[in-house]
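Participant: There's a structure below that I have some questions on.
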Amino acid sequence: MTNTSTYQAYRRWVTEPLAGEPRISVVVPAFNEEWRILPTVGAIATHMCSRGEPWELIVADDGSTDTTVELLTDLRFPNMRVLIADRNRGKGSAVRRGVLAARGDYVLFADADQSTPVEQFDKLLDKLTSGYDVAVGSRAASGAAVSGRSLLRRTLSRGLRVVVSVGFGVQVTDTQCGFKLFTADAARTLFELQIVDNFSFDLEVLYLSSKVGLKVAEVPVEWIDAPGSTVDAAKVSLQFLTDLFKIRISDLRGHYTVGGHHSVARAAGRRHAIVPGEITNAPPVAVNK
Amino acid sequence: MRIRTETGAGHHSISLAGRFDAHEIDGFRLAFEPLLTQPGTIVRVDLANVVFVDSSALAELLRSQRAARESDGDLVLVNMSDPVRIILELTALEQVFTIEPGRNQPAGVSADISGKPAETR
């Protein structure tokens, strides 16, 4: 069988540790994803290797009780890290640990279900290389291609969008798409401040982006509903509204203050002062295989 | 996903293009099962233009392979794209399937049964 340049790059990536720092870090939160995680890793690896740039993959386990962690660690990929959590704390917690462990100049957070195909990464990166700090994959922006999303979910999303826009001043029309790209400095600034452990962390991160004055681009993406989702849209929406309130209270209480002055440059100066023990609420085990 | 079938003297093939996931299983089955009309039928599945396969699709390919082998035939994967090849390796399924490298498909009667534009998935 012919080995394409992409396949050859993939073989190098799975056998040889990077010689230097990665340009791109991909962070995938995972909770009981044994059914989906390997195809997702394969899709991400194929695309990232095709780009010809050094990159790393970080899978932030969220206390999985199935074989997710074993499947990943058995791969023994030198450029993939699996951050193991001692228990399930929520997607926000997992993404935070993953992002704060990232070493790349750009940090992508991508859901484990490949609802947003990883090929969409290129469009987001274009935004960051043209001066934005954060690029948000969006199912609501003009030009997005969305399939399989139920009427209930679409309706609830529209309602929440109004609440988020009016109540929080966040102008991004789709806060919850699990596909966001950050510059390294923006990622560190935001996720050092970010405290919400559940799925509402996306909103919190965008709220903080606005608060600290980061440039955010909303990029229309292709999105395909992942079958098998057990998310109860109505229940999730109620939780989301509750979290909106909590985020606002946290801000009023001063939990989001960066040294009394919000500045990406200021936060970036602290970038290398972070020690491993600070990157997580829980004591995760970083597995380098 | 776009599904195209070809049938000719002594061969059957199905060409897939796009994303092969749980949403596409029914369409694939609709294309595959009618081809198993005779014992010993070999069906080649061309994956050159498949950009992603999820676990449900892999399970469907295994199910189809088993159905073909039960009548002394086989399902053969041909022209695997990079993502398909890599995903099969990661899941250790490259040992399970009969895999052929790229080959020119003989001319025959063809039909596009999907009716969907290729770029939608």
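Protein chains in written order, with our numbering: chain C, 478 to 766; chain Y, 1045 to 1165.
Yeah, the Cβ is synthetic: ideal placement off N, Cα and C, and Gly gets one too.
Taking the straight line between their C-alpha atoms, what separation do you get for Ala1103 (chain Y) and Arg725 (chain C)?
Facilitator: Along the second sequence, read from residue 1 onward, the residue named residue 1103 (chain Y) stands at position 59. Along the first sequence, read from residue 1 onward, the residue named residue 725 (chain C) stands at position 248. Answer to the nearest angstrom: the Cα atoms are 46 Å apart.
Participant: Out of curiosity, what's the CA-to-CA distance linking Ser1115 (chain Y) and Leu1079 (chain Y)?
Facilitator: Here residue 1115 (chain Y) refers to the residue found at position 71 when the second sequence is read from its first residue. Here residue 1079 (chain Y) refers to the residue found at position 35 when the second sequence is read from its first residue. Each residue's alpha carbon lies about 12 Å from the other.
Participant: Using a Cβ-Cβ cut-off of 6 Å (strictly less than) and excluding sequence neighbours within five positions of Glu498 (chain C), which residues of its own chain qualify?
Facilitator: The residue you call residue 498 (chain C) lines up with position 21 of the first sequence. Excluding residues within five positions, the ones whose Cβ falls inside 6 Å are Arg580.
Participant: What residue ranges within the stretch 534–575 of chain C form continuous beta strand (DSSP E) runs of no fewer than 3 residues, ordered along the chain?
Facilitator: DSSP runs (the beta strand (DSSP E)) wholly in the stretch 534–575 of chain C: 557–561.
Participant: Answer yes or no: does any C-beta atom of chain C fall closer than 9 Å to that of Thr1173 (chain Y)?
Facilitator: The structure shown does not extend to residue 1173 (chain Y), since chain Y is modelled only from 1045 through 1165, so no value can be given for it.
Participant: Go ahead and pull the three-state DSSP assignment for Ser727 (chain C).
Facilitator: One-based indexing of the first sequence puts residue 727 (chain C) at position 250. Correct three-state label for Ser727 (chain C): helix.
Participant: By Cβ distance, which residues of its chain are closer than 7 Å to Arg1147 (chain Y), with the 5 residues on each side in sequence left out?
Facilitator: If you number the second sequence from 1, residue 1147 (chain Y) lands on position 103. Residue confidence for Arg1147 (chain Y) is low, a pLDDT of 48 falling below 50, so the modelled location carries little weight and cannot support an answer.
Participant: Are the C-beta atoms of Ala589 (chain C) and some chain Y residue less than 9 Å apart?
Facilitator: As a working note, residue 589 (chain C) is residue 112 in the first sequence. Not one chain Y Cβ lies under 9 Å of Ala589 (chain C).
Participant: Taking the alpha-carbon positions, what's the Glu530 (chain C) to Ala496 (chain C) distance?
Facilitator: Here residue 530 (chain C) corresponds to residue number 53 of the first sequence, with the count starting at 1. Here residue 496 (chain C) corresponds to residue number 19 of the first sequence, with the count starting at 1. Distance between the alpha carbons of Glu530 (chain C) and Ala496 (chain C): 12 Å.
Participant: Report the neighbours of Leu515 (chain C) on chain Y: residues whose CB is nearer than 8 Å to its CB, in chain order.
Facilitator: As a working note, residue 515 (chain C) is residue 38 in the first sequence. Within chain Y, the residues near Leu515 (chain C) are Ser1099, Ile1131, Leu1134 and Thr1135.
Participant: Could I get the ranges of all uninterrupted alpha helix (DSSP H) runs contained in the stretch 1079–1110 of chain Y, with 4 residues as the minimum, in chain order?
Facilitator: As far as the stretch 1079–1110 of chain Y is concerned, it has no whole alpha helix (DSSP H) run of at least 4 residues.
Participant: Can you tell which of Y:Leu1137, Y:Glu1144, Y:Ala1101 and Y:Ile1086 has its C-alpha closest to the C-alpha of Gly1117 (chain Y)?
Facilitator: As a working mapping, residue 1117 (chain Y) is identified with position 73 in the second sequence. Checking every option, the nearest Cα to that of Gly1117 (chain Y) belongs to Y:Ile1086.
Participant: Tell me where the beta strand (DSSP E) around Ala612 (chain C) begins and ends.
Facilitator: Indexing the first sequence from 1 puts residue 612 (chain C) at position 135. Val611 to Ser615 is the span of the beta strand (DSSP E), which, as asked, contains Ala612 (chain C).
Participant: Can you give the Cα-Cα distance for Ser1059 (chain Y) and Arg513 (chain C), rounded to whole angstroms?
Facilitator: Numbered from 1 along the second sequence, position 15 holds the residue referred to as residue 1059 (chain Y). Numbered from 1 along the first sequence, position 36 holds the residue referred to as residue 513 (chain C). The straight-line gap from Cα to Cα measures roughly 24 Å.
Participant: Does the CB of Gly519 (chain C) have a neighbour CB from chain Y at under 9 Å?
Facilitator: Your numbering for residue 519 (chain C) matches position 42 in the first sequence. It does; some Cβ of chain Y falls within 9 Å.
Participant: Going by DSSP, what residue range makes up the alpha helix (DSSP H) through Ile514 (chain C)?
Facilitator: For the purposes of this step, residue 514 (chain C) is taken as the residue at position 37 of the first sequence. Segment Ile514 to Ser527, the alpha helix (DSSP H) holding Ile514 (chain C).
Participant: Could you please tell me which residues of the stretch 570–584 of chain C, in chain order, have their CB closer than 8 Å to any CB of chain Y?
Facilitator: If the cut-off is 8 Å between Cβ atoms, the stretch 570–584 of chain C has nothing near chain Y.
Participant: Quick one: what's Lys712 (chain C) bridged to in DSSP?
Facilitator: For the purposes of this step, residue 712 (chain C) is identified with residue 235 of the first sequence, where counting begins at 1. Answer is none; Lys712 (chain C) lacks a bridge partner.
Participant: Does any residue of chain C have a CB that is nearer than 9 Å to the CB of Ala1061 (chain Y)?
Facilitator: Taking the first residue of the second sequence as 1, we reach residue 1061 (chain Y) at position 17. So, not an interface residue.
Participant: Of the choices Y:Asp1065, Y:Val1089, Y:Asp1098 and Y:Ser1099, whose alpha-carbon is the least far from that of Pro1145 (chain Y)?
Facilitator: By 1-based counting over the second sequence, the position of residue 1145 (chain Y) is 101. The residue with the shortest Cα to Cα distance from Pro1145 (chain Y) is Y:Val1089.
Participant: Under 8 Å: do the stretch 609–617 of chain C and the stretch 678–691 of chain C share three or more Cβ pairs, one atom per stretch?
Facilitator: The stretch 609–617 of chain C vs the stretch 678–691 of chain C: in contact.
Participant: Could you tell me whether any Cβ in chain C is nearer than 9 Å to the Cβ of Leu1091 (chain Y)?
Facilitator: Start at 1 with the first residue of the second sequence, and residue 1091 (chain Y) comes out as number 47. No, because no Cβ of chain C sits closer than 9 Å to the Cβ of Leu1091 (chain Y).
Participant: Could you pull the start and end residues of the alpha helix (DSSP H) that Phe645 (chain C) belongs to?
Facilitator: In the first sequence, residue 645 (chain C) corresponds to position 168, counting from 1. Leu628 to Phe645 is the extent of the alpha helix (DSSP H) around Phe645 (chain C).
Participant: Any beta carbon of chain C sitting closer than 9 Å to that of Pro1078 (chain Y)?
Facilitator: For this step, residue 1078 (chain Y) is matched to residue 34 along the second sequence. Not an interface residue.
Participant: Using only the alpha-carbon positions, how far apart do Arg743 (chain C) and Gln671 (chain C) sit?
Facilitator: As a position in the first sequence, residue 743 (chain C) is number 266, starting the count at 1. As a position in the first sequence, residue 671 (chain C) is number 194, starting the count at 1. Its pLDDT being 43, under 50, Arg743 (chain C) is placed unreliably in this model, and the coordinates cannot settle the point.
Participant: Using 9 Å as the threshold, is the C-beta distance between Asn556 (chain C) and Pro494 (chain C) below it?
Facilitator: Here residue 556 (chain C) is taken as the residue at index 79 of the first sequence, counted from 1. Here residue 494 (chain C) is taken as the residue at index 17 of the first sequence, counted from 1. In contact: Asn556 (chain C) and Pro494 (chain C) (Cβ atoms closer than 9 Å).
Participant: Out of C:Glu695, C:Pro697 and C:Val673, which has the shortest C-alpha to C-alpha gap to Asp720 (chain C)?
Facilitator: Numbered from 1 along the first sequence, position 243 holds the residue referred to as residue 720 (chain C). The residue with the shortest Cα to Cα distance from Asp720 (chain C) is C:Val673.
Participant: Are the beta-carbon atoms belonging to Ala537 (chain C) and Ala486 (chain C) less than 9 Å from one another?
Facilitator: Here residue 537 (chain C) refers to the residue found at position 60 of the first sequence. Here residue 486 (chain C) refers to the residue found at position 9 of the first sequence. No, Cβ-Cβ distance for Ala537 (chain C) and Ala486 (chain C) is not below 9 Å.
Participant: Closer than 8 Å by beta-carbon distance: list the chain C residues that pair up with Phe1096 (chain Y), in chain order.
Facilitator: The count along the second sequence starts at 1 and reaches residue 1096 (chain Y) at position 52. Result: Pro516, Ala520, Gln591 and Pro594.
Participant: Would Val1095 (chain Y) and Gly1071 (chain Y) qualify as a contact pair, given that the criterion is a beta-carbon distance under 9 Å?
Facilitator: Within the second sequence, the letter at position 51 stands for residue 1095 (chain Y). Within the second sequence, the letter at position 27 stands for residue 1071 (chain Y). Cβ atoms of Val1095 (chain Y) and Gly1071 (chain Y): not closer than 9 Å.
Participant: Cβ of Ile1047 (chain Y) less than 9 Å from any chain C Cβ?
Facilitator: In the second sequence, the residue the question calls residue 1047 (chain Y) occupies position 3. By this cut-off, Ile1047 (chain Y) is not an interface position.
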